[in-house]
Amino acid sequence: MDQQLRAGPADYNRVLCDLLALEGQYHWCVALEDFTDDFYAVTCPHCSVEVTVAVGDYGCYSAVRDWDLGDIDRRALRPASAEELADPGRWMHATAVRDGQLQLAEGIRHLFGRVECPRCASAFSFAEAYTIASRPGSGPSTDWPSGTIRAVSTAPTGWDPSTSTSRGPGYSMRPLGTSSA
Ligand SMILES: [Zn+2]
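Position 21 of the sequence shown, counted from 1, bears residue number 21 in full-length UniProt numbering, the numbering being contiguous throughout.
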C-alpha cells in the first residue's frame with residue numbers, strides 16, 4: 001500500500017487510513033480527513049469542558065461551541081513542528097510530505113499540536129485528549145470511538161476487513177453516525 005501512496009492516488013487519505021488501521025490506529029484513521037472543514041470535539045483534561053477543534057478552511061482554532069452563537073472564544077491552535085511530532089503523527093506527516101500532500105501534512109501538524117482550552121486557558125495535547133477519548137476503558141480498543149469523541153466524517157469506502165491481519169477476520173467496521181453523540 002505504500003507503493004499506492006507514492007503514486008499519489010485521488011483517494012490518498014483513504015489509502016493512508018487503511019495503513020493506519022492496519023497499525024491499530026483506528027481513531028487516527030477516523031480523524032484523518034482532507035482538512036477542508038473538519039471539526040473535532042475533545043474534553044479539556046483540566047476543566048472537562050467540551051472543546052471544539054477546527055482544522056481546515058474555517059480556520060485552525062479551539063473554541064466552545066454555542067448552539068446559538070456558533071464557535072465562541074476562539075483560540076489559535078499551536079501546531080507541532082515536524083521535529084516535535086511523535087508517532088504515529090511523525091510517520092503520517094513524513095509520509096504526507098514525501099508524497100507532496102502538503103495540506104494534509106499541515107493538518108497533521110495541527111492534530112498533533114497543542115490546544116488551548118477556551119475556558120480555563122490550559123494548553124493540552126490534542127493527540128492525547130483525542131486518544132484517551134477514543135479508547136475508553138483499559139487496553140486498546142478494537143471498537144470505533146463513540147460518545148465523547150467524534151470526527152465529522154464519513155466512513156471510508158472500499159474497506160476490506162480481511163486485509164486487517166492484526167484483527168482477524170471477525171473484525172468488521174461499524175459505519176460512523178450510528179452512535180448518538
Ligand atoms: Zn479547560
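All C-beta atoms, glycine included, are put in the ideal place defined by N, C-alpha and C.
Measuring from the CB of residue i, is there a heavy atom of ligand 1 at a distance below 7 Å?
i, result
"V49", "yes"
"H110", "no"
"H93", "no"
"R119", "yes"
"S122", "yes"
"C60", "no"
"C44", "yes"
With 16 as the cutoff for other CB atoms within 10 Å, does residue i come out buried or exposed?
i, result
"Y40", "buried"
"V49", "exposed"
"S81", "exposed"
"M1", "exposed"
"L19", "buried"
"residue 187", "Outside the modelled stretch of the chain, which goes from 1 to 181, sits residue 187, for which no answer is possible."
"H93", "buried"
"A133", "buried"
"A21", "buried"
"Q25", "buried"
"L102", "exposed"
Out of the options, point me to the one whose CA is closest to residue i's CA.
i, options, result
"D57", "D38, R65, M1, L22", "D38"
"L111", "V53, A10, L16, Y26", "V53"
"A127", "A121, C120, I108", "I108"
"C120", "G24, R90, R75", "R75"
On the DSSP bridge assignment, give the partners of residue i in chain order.
i, result
"E23", "Paired residues: none, contrary to the question."
"S62", "V53, R75"
Whole-angstrom Cβ separation of residue i and residue j, contact assumed at under 8 Å?
i, j, result
"L77", "G113", "6 Å"
"V42", "A129", "4 Å"
"L32", "C17", "6 Å"
"W28", "P79", "16 Å between Cβ atoms; not a contact."
"E106", "S62", "The pair is not a contact, with the Cβ atoms about 17 Å apart (cut-off 8 Å)."
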